[in-house]
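Structure below.
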């Protein structure tokens, strides 16, 4: 029997990947950030998931404006690392779990989520930076990964509520899988940041703190947040926070918060990170 | 959740956020070829061809004169106004050796040093930056 044992949220700032790849993690600018992930690395090593379902957004790497899927599930055996304009990150290839991925695709579609099935896809910093933050620099990733891409670039992205409901459907799918799997789900992106135009550099610590509190204790309240509020309060790229709600929907309403970390800045971004464990 | 809001009303509310361009249907259609040009720079051989003769390489993409000019001038704000999306234009930046933070500083009219200092001290506050009515001095 497969089950979702925990959820992890984290930002996926590309500069964090560059800092790891260029061995700058001990520099004064980066040290406090990486220190904040040390307990999480330990937690993950002890938790030993078989599979991570990793919710992220593709940044014009695997998908372009030619095809813009709202939700796309990676069902392939493996996912190569994308060249985002400066060569692929020097990290291990990402191995998939096609048995479970196809099961989730079928189950969620029958649950009325019109999932796009992806059999060939390169993965970019949105997926690899969270892996690096939680696993360091292993020769091989210590678990299989099922990528779930969410469109948050072309307006409109899915609503917070839709993302939350998808998380619930994913949990139902995992729990109806007939093989054993210990699954952890990652919701990535955020927190407040804006990369574009004259308002670039926006950070909203009060908003982020409230979001983290509600995320842990009252996620239903966050399902009512609008795109407008997210963009105005958390910045145009802060809208990525809808992806956290997919993770949250896959956990118990009263999931246990085991870790929280917040840090400003990583490049242009407020980094937010939380670990929640299911109680049953 | 059954509370679907009217798209036109929403767009108007988005337009009130200062210094922010929503990548909506209108901008996506306007910027399609500009963004696909940026996307092409993910391949090393295309980056080389572009660097060898920028104007000639841009001929491969049916863009407007304004869009071509914005690219050749590396006018990052103009590219966004003309339908570019930051995740695409950042690929042009990367092939120029610039980071997200480099072009963010340029787009905000700041020096690299001042922008980095602003981020290190907690970023741009949201107070005074929610509505165009708060930006009257900045047009």
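Chains as they are written, first to last, in my numbering: chain A, 2 to 281; chain B, 137 to 275. Backbone N, C-alpha and C define an ideal beta-carbon position, used for all residues, glycine too.
query, result
"The segment 234 to 249 of chain A in contact with the segment 181 to 199 of chain A per 3-pair CB rule at 8 Å", "yes"
"Bridge partners - residue 270 of chain A, DSSP secondary structure assignment", "A:194, A:267"
"Alpha-carbon spacing of residue 137 of chain B relative to residue 221 of chain A, whole angstroms", "Legend: pLDDT at residue 137 of chain B = 47, less than 50; position of this residue unreliable, value from coordinates given subsequently. So the two alpha carbons sit approximately 12 Å from each other."
"Contact between the segment 157 to 167 of chain B and the segment 265 to 277 of chain A (3+ Cβ pairs under 8 Å)", "no"
"Within chain A, the residues that residue 142 of chain B reaches when beta carbons sit closer than 9 Å", "Near residue 142 of chain B there are no residues of chain A at all, since even the closest Cβ is about 12 Å away, more than 9 Å."
"Rounded C-alpha distance that separates residue 92 of chain A from residue 132 of chain A", "10 Å"
"Straight-line gap, residue 212 of chain B to residue 205 of chain B (C-alpha atoms, nearest Å)", "11 Å"
"Proximal residues of chain B, C-beta to C-beta of residue 206 of chain A below 8 Å", "258"
"Bridge partner(s) assigned by DSSP for residue 182 of chain A", "A:3"
"Test: residue 83 of chain A CB closer than 9 Å to a CB of chain B", "yes"
"Chain A contacts made by the segment 145 to 174 of chain B, where a contact means CB separation under 7 Å", "146, 149, 150, 153, 154, 155, 156, 157, 158, 159, 160, 164, 168, 171, 172"
"Sub-9 Å separation of residue 3 of chain A and residue 101 of chain A beta-carbons", "yes"
"Minimum Cβ-Cβ distance from residue 137 of chain B to chain A less than 9 Å", "Because the pLDDT of residue 137 of chain B is 47, which lies under 50, any placement of that residue in the model is unreliable, and the question is left without a value."
"Euclidean distance between Cα positions of residue 158 of chain A and residue 228 of chain A", "8 Å"
"DSSP state of residue 247 of chain B mapped onto helix, strand, coil", "coil"
"Collapsed DSSP secondary structure at residue 72 of chain A in the structure displayed", "strand"
"Closer than 9 Å to chain A by CB, residue 224 of chain B", "yes"
"Contact list for the segment 259 to 270 of chain A against chain B, Cβ threshold 8 Å", "265, 266, 268, 269"
"Rounded distance between the beta-carbons of residue 90 of chain A and residue 26 of chain A, thought under 8 Å", "That pair is no contact at about 15 Å."
"Residues bridged to residue 203 of chain A (per DSSP)", "B:260"
"Residue 232 of chain B versus residue 259 of chain B: straight-line alpha-carbon distance, rounded", "25 Å"
"Beta carbon proximity, residue 187 of chain B to chain A, threshold 9 Å", "no"
"Local Cβ density within 10 Å of residue 36 of chain A, reported as buried at 16 or more and exposed below that", "exposed"
"Span separating the alpha-carbon of residue 53 of chain A from that of residue 191 of chain B", "45 Å"
"Coarse secondary structure for residue 191 of chain B, derived from DSSP in three states", "helix"
"N- and C-terminal bounds of the alpha helix (DSSP H) containing residue 55 of chain A", "Here residue 55 of chain A belongs to no alpha helix (DSSP H); instead the beta strand (DSSP E) covers 52 to 57."
"Residue 154 of chain A at chain B interface by Cβ criterion, 9 Å", "yes"
"Chain-ordered neighbours of residue 230 of chain B on chain A, where CB pairs are closer than 9 Å", "85, 86, 87"
"Residues from the segment 166 to 187 of chain A in contact with chain B, defined by Cβ distance under 7 Å", "none"
"Expected contact under 8 Å - CB spacing of residue 56 of chain A and residue 149 of chain A to nearest Å", "5 Å"
"Residue-chain proximity (residue 202 of chain A, chain B), Cβ-Cβ < 9 Å", "yes"
"Nonlocal neighbours in the same chain, by C-beta distance under 6 Å from residue 21 of chain A, ignoring five residues either side", "133"
"Interface flag, residue 276 of chain B vs chain A, CB-CB below 9 Å", "There is no way to answer for residue 276 of chain B, as the model of chain B reaches only from 137 to 275."
"Whole-angstrom distance between residue 189 of chain B and residue 205 of chain A, CA atom to CA atom", "43 Å"
"As assigned by DSSP and simplified to three states, the class of residue 261 of chain A", "strand"
"Contact under 9 Å by Cβ, residue 265 of chain A with residue 272 of chain A", "yes"
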